[in-house]
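S.K.:
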Amino acid sequence: MPEIRVTPLGAGQDVGRSCILVSIAGKNVMLDCGMHMGFSDDRRFPDFSYITRSGRLTDFLDCVIISHFHLDHCGALPYFSEMVGYDGPIYMTQPTQAICPILLEDYRKIAVDKKGEANFFTSQMIKDCMKKVVAVHLHQTVQVDDELEIKAYYAGHVLGAAMFQIKVGSESVVYTGDYNMTPDRHLGAAWIDKCRPNLLITESTYATTIRDSKRCRERDFLKKVHETVERGGKVLIPVFALGRAQELCILLETFWERMDLKAPIYFSTGLTEKANHYYKLFIPWTNQKIRKTFVQRNMFEFKHIKAFDRAFADSPGPMVVFATPGMLHAGQSLQIFRKWAGNEKNMVIMPGYCVQGTVGHKILSGQRKLEMEGRQVLEVKMQVEYMSFSAHADAKGIMQLVGQAEPENVLLVHGEAKKMEFLKQKIEQEFRVSCYMPANGETVTLPTSPSIPVGVSLGLLKREMAQGLLPDAKKPRLLHGTLIMKDSNFRLVSSEQALKELGLAEHQLRFTCRVHLHDTRKEQETAVRVYSHLKSVLKDHCVQHLPDGSVTVESILIQAAAHSEDPGTKVLLVSWTYQDEELGSYLTSLLKKGLPQAS
Amino acid sequence: MKLYCLSGHPTLPCNVLKFKSTTVMLDCGLDMTSTLNFLPLPLVQSPRLSNLPGWSLKDGNAFLDKELKECSGHVFVDSVPEFCLPETELIDLSTVDVILISNYHCMMALPYITEHTGFTGTVYATEPTVQIGRLLMEELVNFIERVPKAQSASLWKNKDIQRLLPSPLKDAVEVSTWRRCYTMQEVNSALSKIQLVGYSQKIELFGAVQVTPLSSGYALGSSNWIIQSHYEKVSYVSGSSLLTTHPQPMDQASLKNSDVLILTGLTQIPTANPDGMVGEFCSNLALTVRNGGNVLVPCYPSGVIYDLLECLYQYIDSAGLSSIPFYFISPVANSSLEFSQIFAEWLCHNKQTKVYLPEPPFPHAELIQTNKLKHYPSIHGDFSNDFRQPCVVFTGHPSLRFGDVVHFMELWGKSSLNTVIFTEPDFSYLEALAPYQPLAMKCIYCPIDTRLNFIQVSKLLKEVQPLHVVCPEQYTQPPPAQSHRMDLMIDCQPPAMSYRRAEVLALPFKRRYEKIEIMPELADSLVPMEIKPGVSLATVSAVLHTKDNKHVLQPPPRPAQPTGGKKRKRASDDIPDCKVLKPLLSGSIPVDQFVQTLEKHGFSDIKVEDTAKGHIVLLQEAETLIQIEEDSTHIICDNDEMLRVRLRDLVLKFLQKF
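So the protein lines, in turn, are chains A and B. Residues in the first sequence are numbered from 1 upward in steps of one, following UniProt numbering. Residues in the second sequence are numbered from 1 upward in steps of one, following UniProt numbering.
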């Protein structure tokens, strides 16, 4: 029995370390290859030894697909391809291909240079890994091999984020990666056609949240930033260099311009300018408005936002600083946070999701005394605000996507178990499809029953379709033909053609039954009586009286003859072929009952 | 399958393909060579043009002198220029389901088709094709609309009068159907009907046909198209290039195994080598400028100009031209330069890798940054302040009939220091220059046409092996001016089928098969039997469902359970449906074994007689006779249904069913 098997190696009832194995019609595909922000030991990468105990990954996996450039979706890629060893194709969109190596290098630097980790992947490994990447365009059907094809759909979320359809024959799986169903200031909304996959694997970060209007959130955000700056405080906004950062920059930039504010806005790390360049060059991936107006004004050229210098953190006066990384788990954002945390005038705004174990998660869950390295305790007096600007679909958006794609089954990943439970129920209720939420290492198996495509001869098909147009088309029509199976070539042809092709002669089986009738009249008159009788009974059939005296019903022949011994008896010879078996048999029994008396 | 040919211009095609139940228009080219018959539209009042003498017939009759003007022995129509549209009468264009666009030059007639024929379908094109196509249309509309012309000549179009005119006016075709330029409103409405597609995207049309654009290597976003069903494949090749310029390389492999390959848009200058032409362009440009002259390059706002700017970027410093200003004047100059930088996905590999750095893919960004290249919407405004000579001006339109180029022709034409360099191959440069004669300025002809030449075509055809090739008639014979060059035509086997404007071709293939899906439950119930080694057969009796042109076979319904009620059946309920066919039979019946079987089943008194063709088996007791021959069996019996059915089933045991 054919089946689809799905095993999350990461992101199973969890956020982070996205990595999902899919087997479909004998093909094995790995979806994403992320790292976990909450761990810095072995657990930060997926357990690739699960894929195959012996043997090379390249032999086992047909391809790897990366949905977008966030590290929890691609952070383990160089480790996977260069240190564990995989030489097959890695598919991602072009913006992802451009930006991914930069984030990987950033990640490597923090891990190796700042934290001093050994046995980490090197810069060269990132380069070698990226050489295995094949760029995929939106909606392009990429033929991985003769049978396996993949297709990317726009996912919003971040620049270049894509959902992927994986298809073999008539079986298919859609993996959403991270997506956003509402357009924002720089990206469009995710979209997919009614592709009716056997399985939809969707993220569920905000499985239980239904977000209020974005406009309100933006107003709230601007108000808080504005108030803090007005009272001379400093605002820290931890972000990842690409993605929400650009969204919030556009928001603040337009606000600063409108309100004519003077407080400086900084963006940490040298990545900004470069990052913005990517956005400028990948304009077709942004939203409609930016695409329409970019010739007049490129939204990614900021006037008010300047590069941050470490020394600025200690300068007096108000300022707004965007600093990386976004979950306050390391790097510059954490450094600035430590400096500013003690002052209640300051504010930190967390604009995105924080995974467990990070400082961001701790302060968001209300912790105000943090244990830092070296037993130091940091007291957090600054205001802590959480504002969901993550470009993930909320519960409503997820339901919307399920409705768009019309899958037969849904599988949830990239979310918390409790929240998934809720969404699972909702999906099962509303769409009446099965919904799964496997934990890491747990396999979901879905039996499939693919239909079998064959070539039908046009003559046969047209003959049948023409009959389908008859008035009593409500009755199901039976198509009768012969399926010729030669190697892997399946053709359905009419039986006549099948015989002919195989060089076989038809064997005609004919029956002739003698029906004795009591009738003293001449044979010719008997024939006339038979004719008018049959004509009146068989209204839907073609009954004919031929010049030679015989009667036909469709292709059944009836002849009347004299009885050799009894002149009062006539013999009807009813003759038909095996193909007319039912009708022939019916006629003999009908005639046996005799003819109605002539009136 | 039929092909309706609506355009006679081989590089600006417009064909309609009827394939299965769909009607697909392939390209929508607009023949603009008609404008060469008109006087130029000057931006600034030109005394020379307005003082041209009216034209009169040989007998001195001057009734046309308001409409026709004479310049150096050529006659021009003094009117708003008009374009030669594709045929609109050959086929009802409101029945066109989709229009496939191959590149931005081949969509210029789109507003005429989508806005004025009752067209209600969808247009498919890639994003660069649409964006740059929009720029080309915007420029065209702008060029024509900003020089309002009171006069619209129509007298000369009268058939009886046209006969009397000198060539080429006399020979102009279909002048009654020539139309003025569309408006921006029509352009916007036409473009709103376009759906964007990407290379290798499979687009389903009504479930019957699948169309796919492939990279054609000629321009940003340019495509060839595959139109196929499960068993038939038509390739439409239009404007393809194998040269490495800025666009993504041509996808040749996907054209393989075509039943029909429609080939259009080959190079218009088969004897010129584009690389050589670029070299000549640079050296002539440098020579003129060094001598203190100005260079005028009539061009389209997108396409080859990107390559020329790139060449100049590498060339100007070494040629000592770094102080010479380069001007690019077009209402869409800025947009064109900006758009070129954001289509990384549609560029050649080298340019794509630049984006990863991230750097703009085209070096004209740097030329603009360093002020070497300046762009202006028109000669009015800022340009007049910045204008310094000697200089190089890129501007349109290449026909020299409208656009800012008209102004520069008038301005620089009188001095032999200046040079006009023709790079666009769409217009004969001599005809383009005719209304400016006599000219003192130098004219250099360096046509750069990167489209396929005949050597490349024959290599391509050998590679992809289509069963049939269809092409415009121009490609099946050498060019008229070089009739001895037998190498300048398509050479393939079987010979290419050619078409001309307003012709309908029946394409030579017959559809034999169609895809049908067998539902798994039905597949499980099939009983295959091996007939020969490797060949198995199964008889199929199934219910056919057809929806959205997709066919599915489902298991036949179970025979209805006889209703237990005592309701009297009507006689007609018993009449069998003759449409329920029994399978065909094949095989032969070995008499001895058959007789043994009969005996085993309780028949006695069996007699066998030999006949000429077989045997007769007599069951004397039952008064039954069975004629057995090689390919037939005939059972003749009394009306004893039980007996007949028993005999039938015994016979069937020896036969195979189909």
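Beta carbons are placed, not taken as given, at the ideal position from N, Cα and C, and that holds for glycine.
Under 8 Å between C-beta atoms, does B/E609 make it to chain A?
M.R.: It does not: the Cβ of B/E609 has no partner Cβ on chain A nearer than 8 Å.
S.K.: Would you grab the beta carbon distance between A/I363 and A/V377 for me? Rounded to a whole angstrom, and I think it's under 8 Å.
M.R.: Not a contact, Cβ separation roughly 14 Å.
S.K.: What residues from the segment 531 to 547 of chain B come within 7 Å of chain A, judged by C-beta to C-beta, listed N to C?
M.R.: Going along the segment 531 to 547 of chain B in chain order, one finds I531, G534, V535, S536, L537, A538, T539, V540, S541, A542, V543, L544, T546 with a Cβ nearer than 7 Å to chain A.
S.K.: Answer yes or no: does any C-beta atom of chain B fall closer than 8 Å to that of A/Q147?
M.R.: The question names Gln, but residue 147 of chain A is Glu in the sequence shown. Closer than 8 Å: no.
S.K.: By alpha-carbon positions, which one of B/L553, B/P81, B/A506 ends up nearest to A/L461?
M.R.: Among B/L553, B/P81, B/A506, the Cα nearest to that of A/L461 is on B/L553.
S.K.: List, in chain order, every chain A residue whose beta-carbon is nearer than 9 Å to that of B/Q252.
M.R.: Those within 9 Å of B/Q252 in chain A number zero; the least Cβ separation is about 15 Å.
S.K.: Strictly below 7 Å CB to CB, what residues from chain A border B/P358?
M.R.: Simply A98, K274, H277, Y278, L281.
S.K.: List the residues that DSSP assigns as beta-bridge partners of A/K570.
M.R.: DSSP lists A/L517, A/A562 as partners of A/K570.
S.K.: Checking contacts by CB at 8 Å: is A/T7 closer than that to chain B?
M.R.: No, because no Cβ of chain B sits closer than 8 Å to the Cβ of A/T7.
S.K.: Is it right to say A/T445 is buried, meaning 16 or more other beta carbons lie within 10 angstroms of its own, or is it exposed?
M.R.: Result: exposed.
S.K.: Give the secondary structure of A/C435 by DSSP, where H, G and I count as helix, E and B as strand, and everything else as coil.
M.R.: Residue state, collapsed to three classes: strand.
S.K.: Does any residue of chain A have a CB that is nearer than 8 Å to the CB of B/Q201?
M.R.: Closer than 8 Å: yes.
S.K.: Whole angstroms are fine: how far does the CA of A/R463 sit from the CA of B/L266?
M.R.: If I take the Cα positions, the gap works out to 44 Å.
S.K.: To which residues does DSSP link A/I484 through a beta bridge?
M.R.: DSSP lists A/R491, B/L537 as partners of A/I484.
S.K.: Which whole-angstrom value is the C-beta distance of B/L36 and B/E431, which I expect to be below 8 Å?
M.R.: 5 Å between Cβ atoms; contact.
S.K.: Determine the DSSP secondary structure at A/Q13, reduced to helix, strand or coil.
M.R.: A/Q13: coil per DSSP, three-state reduction.
S.K.: Could you check whether A/S170 and A/C195 sit closer than 8 Å to each other, using their CB atoms as the reference points?
M.R.: Contact: no.
S.K.: Please confirm whether B/L220 and B/F408 have their CB atoms less than 8 Å apart.
M.R.: Not a contact, by the Cβ cut-off of 8 Å.
S.K.: Once the 5 residues before and after B/L439 are set aside, which same chain residues still bring their CB inside 6 Å of it?
M.R.: Around B/L439: G413.
S.K.: Do the segment 401 to 419 of chain A and the segment 203 to 222 of chain A make contact, defined as three or more Cβ pairs closer than 8 Å?
M.R.: Touching, yes, given that three or more Cβ pairs across the two stretches are closer than 8 Å.
S.K.: Can you list the residues of chain A that B/C637 reaches, using a CB-CB cut of under 8 Å?
M.R.: The contacting residues are F511, T512, C513, R514.
S.K.: Leaving aside the five residues before and after A/Y578 along the sequence, list all residues of the same chain whose C-beta is less than 6 Å from its C-beta, in chain order.
M.R.: Counting only Cβ-Cβ distances below 6 Å, and skipping sequence neighbours, we find L509.
S.K.: Can you give the Cα-Cα distance for A/D178 and B/E232, rounded to whole angstroms?
M.R.: Rounded to the nearest angstrom, the two C-alpha atoms are 39 Å apart.
S.K.: Spatial neighbours of A/I336 within its chain, please: CB distance less than 8 Å, with the 5 preceding and 5 following residues excluded, ordered by chain position.
M.R.: Cβ neighbours of A/I336 beyond the five flanking positions: L236, S268, A313, V321, A323.
S.K.: Need the endpoints of the beta strand (DSSP E) that B/D609 sits in, please.
M.R.: The question names Asp, but residue 609 of chain B is Glu in the sequence shown. Residues 606 to 610.
S.K.: Residue ranges of each beta strand (DSSP E) run of no fewer than 3 residues wholly in the segment 254 to 321 of chain A, ordered along the chain?
M.R.: The qualifying runs are 265 to 267, 305 to 307.
S.K.: I'd like to know if the segment 527 to 545 of chain B and the segment 481 to 494 of chain A are in contact, where contact means that at least 3 CB-CB pairs between them fall below 8 Å.
M.R.: Counting Cβ pairs under 8 Å, three or more are found: they touch.
S.K.: With which residues is A/W576 paired in a DSSP beta bridge?
M.R.: According to DSSP, A/W576 bridges with A/F511.
S.K.: Measuring straight from C-alpha to C-alpha, what distance separates A/S365 and A/M382?
M.R.: Rounded to whole angstroms, A/S365 to A/M382 spans 15 Å at the Cα level.
S.K.: Can you check whether the CB of B/P40 is closer than 8 Å to the CB of B/F402?
M.R.: Yes.
S.K.: Does DSSP put A/S449 in a helix, a strand or coil?
M.R.: It is coil, neither helix nor strand.
S.K.: Just checking: is the beta-carbon of B/F143 within a distance shorter than 8 Å of some beta-carbon in chain A?
M.R.: False, the Cβ-Cβ gap to chain A never drops below 8 Å.
S.K.: Specify the secondary structure class of A/C19 as computed by DSSP and reduced to three states.
M.R.: Strand, per DSSP.
S.K.: On the DSSP bridge assignment, give the partners of B/E445 in chain order.
M.R.: One point to set straight first is that residue 445 of chain B is Tyr, not Glu, in the sequence displayed. DSSP output for B/Y445 lists B/F422 as bridge partner(s).
S.K.: Could you have a look at B/W55 and say whether DSSP puts it in helix, strand or coil?
M.R.: The answer is coil: DSSP assigns B/W55 none of H, G, I, E or B.
S.K.: Would you check if the distance between the CB atom of A/G441 and the CB atom of A/G38 is smaller than 8 Å?
M.R.: The answer is no: Cβ separation not under 8 Å.
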